[in-house]
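Asks:
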Amino acid sequence: MIEAVWALIGDDLPALQIAVPLLAATVCVLVRRPRAAWAVAMLVAWSAFANAAVILHRVLTTGTISYFEGGWPVPWGIELRIDLLNALVLLVVTGICAIVLLAAPRSLAAEVPEEKHYLFYAVYLLCMTGLAGMTVTGDAFNVFVFLEISSLSSYALISQGRTPRALTSAIQYLVMGTLGGTFILLGIGMLYMTTGTLNIVDLASRLAMVGPNRTVLVALACITVGTGIKLALFPLHIWLPNAYTYAPAVVTAFIAATATKVAYYVLVRFVYSIFQVSLAFEVNRLDAVLLPVSIAAMFAGSLVAIYQDDLKRMLAYSSLAQIGYMVLGLALANVNGLTGGLVHIFNHAIMKCGLFLVLAAVLLRTGSTRLSAFAGLGRRMPLTFAAFVVGGLSLIGVPLTVGFVSKWYLVLGALDAGLWPVAVLILASSLLAVVYVWRVVEVGWFAEPPADAPEVAEAPLGLLVPIWILIGATLFFGVFTSLSAGVASAAARMLIGGAA
Amino acid sequence: MLDLGLYNYWVVIFLMMTGLYVVISRGNLIKKVIGLNIFQVSVIMFYVSMGKVRGGTAPILAEGIEVYSNPLPHVLMLTAIVVGVATSAVALALIVRIKEAYGTIEEDEIRVVEGEEEAR
């Protein structure tokens, strides 16, 4: 039986990553019952995660997977192409989707009316479709289509927040996100104009033949700006703090860990696979733009985070700083730097998702995510708060956590590039993270809760389990780095080597 | 140096900047959505005019037709139009909800209401 199924779908795994969640989203709408819709979403998300694990294993053992949609060969048909880089990103995206769903029913019950839950799961699966599609596709125009699928569904998810502010945040994100998506479309159009192809591998070889010209330069600029908006690169970030703060807590955990990471993946893919190092960095000096911008993001994000009273907003600004680290890794354009950027996709996804789920638990129990709600929480919700502390240490980059692994590679990359001041700045910005994490730890462990504070119980298991899966992973992958950093550095070598 | 042989790109750039300006300068959310639409349409025109071959016909297989326009960008834009419509639909739905919640769709007035709530 299993062999028969395997023979049937074994070769179509990349396509199933897109098709199954897309169809399951409609099933969620049809079943209408919140529990049943959740069960469908869980089944799909966890099987997608298993699927991604199989794909990664296959890529590791047999090399890049190329799948022709509908059996049409390239360059006529659309290719799904999975190499080490997107296999890793796919694992992160599907894994986060699956783990966040564990926490969804308990957390949603407090924030979204129950009759809307089935629609929520449908849109959630659509968002997952878009993100997985952007990751696996080998076609530049497809990237845009899936980008819009994921963006449109994330606007809808964000607008489900409790306060009207969620609506204004969603429309702000919609305006910015559409501008970003359209810029990407424009850039892809210019690439098509110069090369006559949309296939990513084809684009790369033909662009190398065309060589530098102004259309290519403008295409690079449009794509950098477009993805910069989607990944909330400072100073194009203004949509992010509001969207993260006012979205339902599980949505924040989901979007913070996946949407910006996939946008970053798209930028890496375009810069390293299509334009490649020579065109992007030697002819067009992309690093001259991205290096200062990413360093500014590291400091601006962390500095503003220190002054936030709402912890969701604090973590949102901390995300801006972390995005700065990732883009810095891209801009360094050497193997160690890029490894740092890529491994930070993995590392930042698990720690930020864990931290936002902690906030979901605190919101559920205390009704607020303000700093004052954390008073004495170290004694009242010890397991939840301990998770926050570990996640916070990882944000700072303390050894034995994943944050350290990323920063280690970034510092190595900065030194390899001969930019020791950048290495110093990476360490200095980490000190800012100490400040904003410590504020919370101090309040949680040393402040007394106000006398009239209601009795608060430990978070329910439905939230504790996903939180500790993720926080446990930040510790595990902080020590055993062969999956995360091993794959990331192999991917970085592949990208820098020029072979797409 | 105005190359009139490439006038279609000047039209595209003019439309694009118009759209961007409307998005940035207008506080009315509906006007913002209109600006976004103009911005998206400019890119659609960019693709469509890119596929045009001078003297070419529609890309239909028929006898005696040798030169035809490139159908691929045109087909791609069908998808982009759908995306544009979907974006407008989501945006308008959000604006309806915003109007219900705040009683206004002017950004500065919304900000005043939000400021009052914050102060409370």
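Residue numbers (our numbering), protein chains in the order written: chain A, 1 to 500; chain B, 1001 to 1120.
Backbone N, C-alpha and C fix where the C-beta goes; we use that ideal spot for every residue, glycine too.
1) Can you list, in chain order, the residues of the stretch 123 to 149 of chain A whose Cβ is nearer than 7 Å to any Cβ on chain B?
2) Report yes if the C-beta distance between residue 200 (chain A) and residue 264 (chain A) is below 8 Å; otherwise report no.
3) Does residue 1052 (chain B) come within less than 8 Å of chain A when only Cβ atoms are used?
4) Does residue 1068 (chain B) come out as helix, strand or coil in the three-state DSSP assignment?
5) Exposed or buried, what is residue 57 (chain A) when buried is set at 16 or more other beta-carbons lying within 10 Å of its beta-carbon?
6) Give me the residue from A:463, A:474 and A:455 with the minimum Cα distance to residue 392 (chain A).
7) Using a beta-carbon distance cut-off of less than 7 Å, what residues from the stretch 1099 to 1115 of chain B approach chain A?
8) Going by beta carbon distance, what residues of the same chain come within less than 6 Å of residue 122 (chain A), once the five residues before and after it are set aside?
9) Name the two residues that bound the continuous alpha helix (DSSP H) containing residue 121 (chain A).
10) With distances taken between CB atoms, is the gap from residue 406 (chain A) to residue 325 (chain A) smaller than 8 Å?
11) Checking 8 Å against the spacing of the C-beta atoms, do residue 413 (chain A) and residue 340 (chain A) come in under that value?
12) So is residue 1097 (chain B) in contact with chain A if we call contact Cβ pairs under 8 Å?
13) Between the beta-carbon of residue 477 (chain A) and the beta-carbon of residue 347 (chain A), is there less than 8 Å?
14) Are the C-beta atoms of residue 19 (chain A) and some chain B residue less than 8 Å apart?
15) In terms of residues, what are the limits of the alpha helix (DSSP H) holding residue 1042 (chain B)?
16) How would you call residue 1073 (chain B), buried or exposed, if buried means at least 16 neighbouring beta carbons within 10 angstroms?
17) Mind checking who residue 67 (chain A) pairs with in its DSSP beta bridge?
18) May I ask you to verify whether the stretch 1033 to 1044 of chain B touches the stretch 1013 to 1023 of chain B, counting CB pairs closer than 8 Å and requiring at least 3?
19) Using the Cα positions of residue 191 (chain A) and residue 247 (chain A), report the straight-line distance between them to the nearest angstrom.
20) Can you list the residues of chain A that residue 1047 (chain B) reaches, using a CB-CB cut of under 7 Å?
21) How would you call residue 960 (chain B), buried or exposed, if buried means at least 16 neighbouring beta carbons within 10 angstroms?
22) Could you compute how far the alpha carbon of residue 1056 (chain B) sits from the alpha carbon of residue 41 (chain A)?
23) Secondary structure at residue 1057 (chain B), three-state DSSP: helix, strand or coil?
24) Drop a sphere of 10 angstroms on the beta-carbon of residue 1108 (chain B), count the other beta-carbons inside from all chains shown, and report buried for 16 or more, exposed for fewer.
25) Take residue 500 (chain A) and list the residues in its own chain whose beta-carbon comes closer than 7 Å to its own, dropping the five residues that flank it on each side.
26) Would residue 255 (chain A) count as contacting chain B if we go by Cβ distances under 8 Å?
27) For a test of the three-state rule: what should DSSP assign to residue 334 (chain A), helix, strand or coil?
28) Tell me whether residue 1032 (chain B) is buried or exposed, calling it buried when 16 or more other Cβ atoms sit within 10 Å of its Cβ.
29) Excluding sequence positions up to five away, which residues of its chain have a Cβ less than 6 Å from the Cβ of residue 147 (chain A)?
30) I'd like the span of the alpha helix (DSSP H) that includes residue 35 (chain A), first residue to last.
31) Using only alpha-carbon positions, find the residue among A:455, A:396 and A:436 that is nearest to residue 426 (chain A).
32) What residues match up with residue 199 (chain A) in a beta bridge as DSSP calls it?
33) The alpha helix (DSSP H) with residue 381 (chain A) in it runs from where to where?
34) For a cutoff of 8 Å on Cβ pairs, would you count residue 156 (chain A) as touching chain B?
35) What does DSSP give as the partner residues of residue 370 (chain A) in its beta bridges?
36) Are there 16 or more other CB atoms within 10 angstroms of the CB of residue 261 (chain A), so buried, or fewer, so exposed?
Replies: In short:
1) 141, 145 and 148
2) Taking the first residue of the first sequence as position 1, residue 200 (chain A) is located at position 200. Taking the first residue of the first sequence as position 1, residue 264 (chain A) is located at position 264. It is not a contact, given that the beta carbons lie outside the stated cut-off.
3) Residue numbering aside, residue 1052 (chain B) sits at position 52 when the second sequence is read from its first letter. It does not; no Cβ of chain A falls within 8 Å.
4) Locating residue 1068 (chain B) in the second sequence gives position 68, where the first residue counts as 1. Residue state, collapsed to three classes: strand.
5) As a working mapping, residue 57 (chain A) is identified with position 57 in the first sequence. Exposed, because fewer than 16 other Cβ atoms sit within 10 Å of the Cβ of residue 57 (chain A).
6) Within the first sequence, residue 392 (chain A) is the residue found at index 392, counting from 1. Among A:463, A:474 and A:455, the Cα nearest to that of residue 392 (chain A) is on A:474.
7) 1101, 1102, 1110 and 1114
8) Residue mapping note: residue 122 (chain A) aligns to position 122 of the first sequence, counting from 1. Taken in chain order, the residues that qualify are 25, 28 and 29.
9) One-based indexing of the first sequence puts residue 121 (chain A) at position 121. Residues 117 to 136.
10) For the purposes of this step, residue 406 (chain A) is identified with residue 406 of the first sequence, where counting begins at 1. For the purposes of this step, residue 325 (chain A) is identified with residue 325 of the first sequence, where counting begins at 1. Result yes, Cβ atoms of residue 406 (chain A) and residue 325 (chain A) sit closer than 8 Å.
11) For the purposes of this step, residue 413 (chain A) is identified with residue 413 of the first sequence, where counting begins at 1. For the purposes of this step, residue 340 (chain A) is identified with residue 340 of the first sequence, where counting begins at 1. In this structure, residue 340 (chain A) lies closer than 8 Å to residue 413 (chain A) by Cβ.
12) Your numbering for residue 1097 (chain B) matches position 97 in the second sequence. Yes, residue 1097 (chain B) counts as interfacial toward chain A.
13) In the first sequence, counting from the first residue as 1, residue 477 (chain A) sits at position 477. In the first sequence, counting from the first residue as 1, residue 347 (chain A) sits at position 347. Yes, Cβ-Cβ distance for residue 477 (chain A) and residue 347 (chain A) is below 8 Å.
14) As a first step, residue 19 (chain A) must be located in the first sequence, where it is residue number 19. It does not; no Cβ of chain B falls within 8 Å.
15) Locating residue 1042 (chain B) in the second sequence gives position 42, counting from the first residue. Per DSSP, residue 1042 (chain B) belongs to the alpha helix (DSSP H) from 1029 to 1051.
16) Here the question's residue 1073 (chain B) lines up with position 73 in the second sequence. Flag for residue 1073 (chain B) reads buried.
17) Walking along the first sequence from the start, residue 67 (chain A) turns up at place 67. Answer is A:80.
18) yes
19) Start at 1 with the first residue of the first sequence, and residue 191 (chain A) comes out as number 191. Start at 1 with the first residue of the first sequence, and residue 247 (chain A) comes out as number 247. In a straight line, the C-alpha of residue 191 (chain A) is about 36 Å away from that of residue 247 (chain A).
20) Stepping through the second sequence from its first residue, residue 1047 (chain B) is reached at position 47. Under the 7 Å cutoff, chain A gives 189.
21) Here chain B has residues from 1001 to 1120 only, and residue 960 (chain B) is not among them.
22) The residue you call residue 1056 (chain B) lines up with position 56 of the second sequence. The residue you call residue 41 (chain A) lines up with position 41 of the first sequence. Each residue's alpha carbon lies about 49 Å from the other.
23) Translated into the one-based positions of the second sequence, residue 1057 (chain B) becomes position 57. Strand, per DSSP.
24) Mapped onto the second sequence, residue 1108 (chain B) falls at position 108. Residue 1108 (chain B) should be labelled exposed.
25) Residue mapping note: residue 500 (chain A) aligns to position 500 of the first sequence, counting from 1. Because residue 500 (chain A) sits at a pLDDT of 40, beneath the cut-off of 50, its placement in the model cannot be relied upon, and the following sentence gives the value as read from the coordinates. Once the five neighbours on either side are set aside, the close Cβ partners of residue 500 (chain A) are 200, 201, 204 and 273.
26) The sequence position of residue 255 (chain A) within the first sequence is 255, counting from 1. Chain B contact via Cβ: absent.
27) Here residue 334 (chain A) corresponds to residue number 334 of the first sequence, with the count starting at 1. Residue 334 (chain A) falls in the coil class under three-state DSSP.
28) As a working mapping, residue 1032 (chain B) is identified with position 32 in the second sequence. Result: buried.
29) Numbered from its first residue, the first sequence carries residue 147 (chain A) at position 147. So the list reads 134 and 181, once near-sequence residues are dropped.
30) Here residue 35 (chain A) refers to the residue found at position 35 when the first sequence is read from its first residue. First-last of the alpha helix (DSSP H) with residue 35 (chain A): 34 to 62.
31) Residue mapping note: residue 426 (chain A) aligns to position 426 of the first sequence, counting from 1. Per the Cα distances, A:396.
32) Looking up residue 199 (chain A) in the first sequence gives position 199. Its beta-bridge partners are A:139.
33) For this step, residue 381 (chain A) is matched to residue 381 along the first sequence. Counting along the chain, residue 381 (chain A) falls outside any alpha helix (DSSP H), and DSSP gives it neither H nor E.
34) Translated into the one-based positions of the first sequence, residue 156 (chain A) becomes position 156. Residue 156 (chain A) counts as touching chain B.
35) Within the first sequence, numbered from 1, the residue matching residue 370 (chain A) stands at position 370. For residue 370 (chain A), which the question treats as bridged, DSSP gives the partners A:310.
36) Locating residue 261 (chain A) in the first sequence gives position 261, counting from the first residue. Its Cβ being crowded by 16 or more others within 10 Å, residue 261 (chain A) is buried.
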